[in-house]
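Residue numbers (the UniProt record's numbering): 1 to 140.
Single-structure report; data block below.
Shown next as structure tokens:
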């Protein structure tokens, strides 16, 4: 058996409750549902989980019977008026107060701000003012 099957099998024997909560990735959910099916536990549990599997078909594909009746939570998402305009105007010069912004900038533009962070032979470039220009007028 798989890790999920043996681990879940042990735990299922220890707990009397029938509700299973899950906040994990798609692959983890599949393994748990597969283990439940192999352990002949289809219909035994009440599944609750996050949107990472409730809004996609992949986690339950061919496991629909096991997951039937599951309740998943999808947080409401809304646009905040003016935020996109504000955020896209951020640059390294006008956004120093956000300590995460430098790391975001490096990730977004695939560059490094510090020359000390650059490794010999690496394909990563030093961030330049050209990156701000690629972001559009004013920044991102």
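Note that beta-carbon positions come from the ideal geometry of N, C-alpha and C, so glycine has one too.
Reduced DSSP category for residue i - H, G, I as helix; E, B as strand; rest coil
| i | result |
| --- | --- |
| residue 49 | strand |
| residue 80 | coil |
| residue 105 | helix |
| residue 35 | helix |
| residue 28 | helix |
| residue 43 | coil |
| residue 90 | coil |
| residue 96 | coil |
| residue 120 | coil |
DSSP beta-bridge partners of residue i
| i | result |
| --- | --- |
| residue 112 | 126 |
| residue 141 | This structure leaves residue 141 out entirely; the chain is present only between 1 and 140. |
Min CB distance residue i to chain B below 8 Å
| i | result |
| --- | --- |
| residue 56 | In the structure shown, chain B cannot be found, because there is only a single protein chain. |
Rounded Cβ spacing between residue i and residue j (contact assumed at less than 8 Å)
| i | j | result |
| --- | --- | --- |
| residue 36 | residue 45 | 7 Å |
| residue 42 | residue 65 | 5 Å |
| residue 127 | residue 100 | Contact flag wrong, Cβ pair sits at about 15 Å. |
| residue 74 | residue 55 | 6 Å |
Worksheet item: For the stretch 25-35 against the stretch 47-66, are there 3 or more C-beta pairs whose distance is under 8 Å?
Response: yes
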